[in-house]
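Here is the structure we will look at.
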Amino acid sequence: MNDSNSDTLTSEQQQEDCSACGTPLERGDLRCAICGKSAPTRRNEVAATEVVKILRCTGCGAAIAYDPKKQAPSCSFCESVMEIETLEDPMEQTGGYLPFSVTPDEARAQLQKWLATLGWFRPSDLSTTARVQELKPLWWVAWVFDADAIVSWAADSNHGSRRSAWAPHAGTATVVFDDILASASRGLAASEVDVLTRGYDLYSARPNPQGADGATIEQFDVQRSHARKQVAQALEQMARQRVQQNEIPGTKFRKLQVSLVLQNLVTRRLSFPAYVMAYRYKGQLYRLVISGQDKTLLTGNAPYSQAKIAIVTLGVVGLLAIIVLLIGIAQ
Amino acid sequence: MAAGTIEPKIQYKEISCQSCGANLLVEPQMLTAICPYCASPSIIQRPPSENLPTPAFTIGFVVTQDRAIEAVSNWISRSSVFAKSAFRKAAPELTRGVYLPAYLYNAVANSDYRADIGENYTETETYTTTDSNGKTVTRTRTVVKTEWRTLHGQHCCYILDVVVTASKGVTNEALEAVEPFDLRVLRRFSPAMISGWLAEEPSRTQDECFRFAHGEAVDKVGRQLKGFMPGDSYRNLQYETDVARESIDLVLFPIWSFAVRYDESKPPLQILVNGQTGRVGGKVPISPVKVSIAIVLVLLILVVGALLFGMVR
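As they're listed, the protein sequences go chains A and B. FYI, in this note's numbering the residues of the first sequence are 49 to 379. FYI, in this note's numbering the residues of the second sequence are 285 to 597.
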């Protein structure tokens, strides 16, 4: 595992950038994933003068022909298959691990504190009877990307509207994406990721997992081509948000359309530390997630006390009834 | 006239088989040859020139000859009932699997557009009408009206993977009929990929293909812009597109080509099979006789139906 990580790091240093859009080409890319421009060719394949040749098997010397069953050039006598450079579609691999800076004890203490501050509607015995079922350190995976984007958009907004409630607007914006995180985690929900992402120091990444023993290490379980689709979707989502926040005039909008062109898209794959705690209260399982680098960032669900809610509801209804009665009597 | 007209002489390439030494004449547009005496697959490599670049990528054949023949037979038997009977009975003649040259085009499009955007609103209006008692009454109703506004804007997008044929033997429509190809399994061109198969040189110039791809790109932008318009409706959409970062690569696509001769007096019909996915494409000849019979039948049924209906009443 350690060796393969250092391998990916060195190969990333050797990579070239796309000559059209500046996006780094990764090992095995025959074309730019963003703009489709072909990667520079290896010169040795190009003939200098016209030549006629028969390709021969290095094993037995028989002629080699392309075989659709093997989908590769192969020798018809000794069945050996020739390797051909293809567009690789490997599984994604993490490029580094952010270390844990919050200890398991701190995380556990934070959980108890959080349970105690939940408010009156929670069961009063929650912080004492909730059993911390499992406290699992976890490295979850995400893509981090930087890019410059030209975003063109069109939408209807209430700004400048006349008889109709809507007026059309359009515009172009240059958006700089800097260290944008797109989750690739299967284990964590999008809402949990949203809370966690605020507190990580992206520059603390190390090639090996550090700081927690027995941690679950989540793997990227998508292939590169699929990953690129997900990253592209995340980018469009981001662009959409930026346009909503900064570009569209007025207070309401509808029918927002966004189209973007990227420059210098750099994608990194990183593993992020977190503690996942499952606790049981009266047989129900609840989950809490705490960032491994900032213990104040936590999110989770907790039970409500049905009894307390019922009492309050009854109380409010009773109070209303009394008021109505009093008003009736007064009139 | 003395002798018959002299046919334009084809500049055959003369190569000698590296295996048995036989001299072979090869058509000028071919990249490969198979020796008729020893069946050795030769590959002809030439230096790239401006209008004749070296292929950059290839997609290998996945569909075998048997599967291609089966796909075409199925396709013919499933063709429209209006197809000519002779066509449905004809046996397809296989010409070999061929690597077809085509250009793969990618670009970024920046467009300025102008359109009238319609925003709907409702208004209550009063109108007078006569009610069931014959009295004139005034009523109100809500009507939807449209307010038109002019919108100027810019639109930028990628145009990815436009495929344009570079062979005079296959038109773009014919190629489109068997598309798409799965470009994720693109391989860098290597002579071994085409060894033992027919492979064609591009017979259309790169400039010609480039211009065509450019036109396709602008059309694509037009279609995207239609979906980009805000409002409830739009009209008078005009746009001017500036295409940048254009790139074009020569790709060899795997195609099984079939010829169907169903009529002695007509040239054979071309049917293509996508050598990667097995998708079949071709133009089915429609029989005018069958179509007229069908029309007459439908008319007859209508007339009979109307007559019966009249008698019942």
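Built from N, CA and C at the ideal position, the CB exists for glycine as well. Given the structure is predicted, the values throughout are model-derived calculations rather than measurements.
{"Item": "Meets three-Cβ-pair contact criterion under 8 Å: the segment 183–191 of chain A and the segment 378–389 of chain B", "Value": "no"}
{"Item": "Under 7 Å from the C-beta of Arg210 (chain A): neighbouring residues of chain D", "Value": "Judged by its chain identifiers, the structure shown contains no chain D, and its protein chains are A and B."}
{"Item": "Check whether Val535 (chain B) and Leu584 (chain B) have beta carbons under 9 Å apart", "Value": "no"}
{"Item": "Own chain partners of Gly511 (chain B) with C-beta closer than 8 Å, once the 5 adjacent residues on each side are dropped", "Value": "none"}
{"Item": "Inter-stretch contact at 8 Å, needing at least 3 Cβ pairs: the segment 105–123 of chain A / the segment 284–291 of chain A", "Value": "no"}
{"Item": "Simplified DSSP state of Val347 (chain B), which is helix, strand or coil", "Value": "coil"}
{"Item": "Where Ala230 (chain A) falls: helix, strand or coil (DSSP)", "Value": "strand"}
{"Item": "Chain A contact for Asp445 (chain B) (CB, 9 Å cutoff)", "Value": "yes"}
{"Item": "Lys277 (chain A) at chain B interface by Cβ criterion, 9 Å", "Value": "no"}
{"Item": "Close beta carbons around Pro569 (chain B), own chain, < 6 Å, minus the five adjacent residues each side", "Value": "Lys368, Phe371"}
{"Item": "8 Å contact criterion, which Ala103 (chain A) and Ile327 (chain B) should meet: CB distance rounded", "Value": "The sequence shown places Leu at residue 103 (chain A), not Ala. Leu103 (chain A) to Ile327 (chain B), Cβ: 7 Å. Contact."}
{"Item": "Coil, strand or helix - Pro325 (chain B) by DSSP", "Value": "strand"}
{"Item": "Range of the contiguous beta strand (DSSP E) that encloses Trp540 (chain B)", "Value": "517–544"}
{"Item": "Reduced DSSP secondary structure (H/G/I, E/B, other) of Asp332 (chain A)", "Value": "The amino acid occupying residue 332 (chain A) in the given sequence is Gln; Asp does not appear at that position. If DSSP states are grouped into helix, strand and coil, Gln332 (chain A) belongs with the strands."}
{"Item": "Neighbourhood of Tyr321 (chain B) by C-beta, 8 Å cutoff - its chain only, sequence neighbours within 5 removed", "Value": "Cys301, Cys304, Ala306"}
{"Item": "The segment 432–446 of chain B contacting the segment 306–326 of chain A, beta-carbon criterion three pairs below 8 Å", "Value": "yes"}
{"Item": "Backbone CA spacing between Thr410 (chain B) and Asp516 (chain B) [nearest angstrom]", "Value": "25 Å"}
{"Item": "Within 7 Å of chain B by C-beta, residues of the segment 292–305 of chain A in sequence order", "Value": "Lys303, Gln305"}
{"Item": "Three-state class that DSSP yields for Val596 (chain B) in the structure shown", "Value": "helix"}
{"Item": "Cutoff 9 Å: Ser571 (chain B) Cβ touching any chain A Cβ", "Value": "no"}
{"Item": "Burial state of Ala157 (chain A) (16 or more Cβ within 10 Å)", "Value": "exposed"}
{"Item": "Partner residues on chain B for Met37 (chain A), Cβ-Cβ distance less than 8 Å", "Value": "This structure does not reach residue 37 (chain A), given that chain A is present from 49 up to 379, and the question cannot be answered."}
{"Item": "Validate contact between the segment 339–355 of chain A and the segment 236–249 of chain A using beta carbons, cut 8 Å, 3 pairs", "Value": "yes"}
{"Item": "Stretch pair the segment 524–543 of chain B + the segment 340–358 of chain B: three plus CB contacts closer than 8 Å", "Value": "yes"}
{"Item": "Beta-carbon proximity list for Arg495 (chain B), same chain, < 7 Å, skipping 5 on both sides", "Value": "none"}
{"Item": "Under 9 Å between C-beta atoms of Gly340 (chain A) and Gly259 (chain A)", "Value": "yes"}
{"Item": "Cutoff 7 Å; reference His498 (chain B); Cβ partners in own chain excluding five residues on either side", "Value": "Val527"}
{"Item": "Sequence ranges, alpha helix (DSSP H) only - wholly within the segment 408–494 of chain B, length at least 4", "Value": "456–462, 475–478"}
{"Item": "Backbone secondary structure at Val365 (chain A) - three-state DSSP", "Value": "helix"}
{"Item": "Beta-carbon proximity check, Lys85 (chain A) vs Asn390 (chain B), cutoff 9 Å", "Value": "yes"}
{"Item": "Closest residue to Arg425 (chain B) among B:Lys504, B:His436, B:Ala543, B:Glu407 (Cα-Cα distance)", "Value": "B:Glu407"}
{"Item": "C-alpha distance - Asp249 (chain A) paired with Gln313 (chain B), whole-angstrom precision", "Value": "60 Å"}
{"Item": "Contact test: Pro351 (chain A) Cβ vs the ligand MN heavy atom, cutoff 8 Å", "Value": "Although the ligand MN was asked about, the structure shown includes no ligands whatsoever."}
{"Item": "Start and end residues, alpha helix (DSSP H) containing Asp261 (chain A)", "Value": "That residue, Asp261 (chain A), is in no alpha helix (DSSP H); it is neither H nor E in DSSP."}
{"Item": "Members of the segment 315–342 of chain B that neighbour chain A once the beta carbon cut-off is set at 7 Å", "Value": "Ser324, Pro325, Ser326, Ile327, Ile328, Gln329, Arg330, Pro331, Pro332, Thr338, Ala340, Phe341"}
{"Item": "Nearest to Asn256 (chain A) (by Cα), restricted to the options A:Leu368, A:Asp77, A:Leu146", "Value": "A:Leu146"}
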